[in-house]
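Numbering (full-length UniProt numbering), first residue to last: 1 to 134.
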């Protein structure tokens with residue numbers, strides 16, 4: 001897919017500032033969540049180390065712990081990806097092309113940006129199948 005390059009945001013400075021503040025707040029929340037998930041994972045690892053010294057290990061417990069560890073890993077990776085998407089959106093604000101669909105080159109509606117401020121694509125692009133899910 002070829003992305004359209006446009007460098008003139010259709011949004012006013014005040015609107016851009018609103019979205020910048022919203023993105024910064026969402027990034028702070030995501031980073032806090034990353035810290036919580038990392039701490040939880042570290043605690044699971046420490047508990048595993050302590051459990052290894054024990055003589056009895058029920059297979060169900062081992063499986064549950066592995067499943068929980070995998071879930072935490074997936075959540076952690078998702079949050080890291082989300083932070084990267086937010087950083088990309090903040091960069092687009094700085095570069096002057098925030099709010100422009102990278103698939104169509106058309107403005108992204110404020111409603112869409114308000115719902116998904118890190119989006120790079122308009123609903124039109126998504127509905128036409130021009131992009132994969134974000």
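Where a beta carbon is used, it is the ideal one built from N, C-alpha and C, also for glycine. Fair warning: this is a prediction, and the values are worked out from it, not measured in the lab.
Is it the case that the Cβ atoms of residue 112 and residue 76 are separated by a distance below 8 Å? For the purposes of this step, residue 112 is taken as the residue at position 112 of the chain shown. For the purposes of this step, residue 76 is taken as the residue at position 76 of the chain shown. In this structure, residue 76 does not lie closer than 8 Å to residue 112 by Cβ.
Would you mind sorting residue 84 into buried or exposed? The rule is 16 or more other CB atoms within 10 Å of its CB. For the purposes of this step, residue 84 is taken as residue 84 along the chain shown, with counting starting at 1. Exposed is the call here.
Applying the 10 Å Cβ sphere with the 16-neighbour rule, what's the burial state of residue 35? Position 35 of the chain shown, counting from 1, holds the residue named residue 35. Residue 35 is exposed by the Cβ-count criterion.
Helix, strand or coil at residue 100 [DSSP, three-state]: Locating residue 100 in the chain shown gives position 100, counting from the first residue. Looking at residue 100 - three-state DSSP - the assignment turns out to be strand.
Give the range of the alpha helix (DSSP H) segment to which residue 113 is assigned. Within the chain shown, the letter at position 113 stands for residue 113. Element bounds for residue 113: 110–115.
Cβ shell of residue 131 (< 6 Å), same chain only, five flanking positions each side left out: The count along the chain shown starts at 1 and reaches residue 131 at position 131. Once the five neighbours on either side are set aside, the close Cβ partners of residue 131 are 103, 121, 125.
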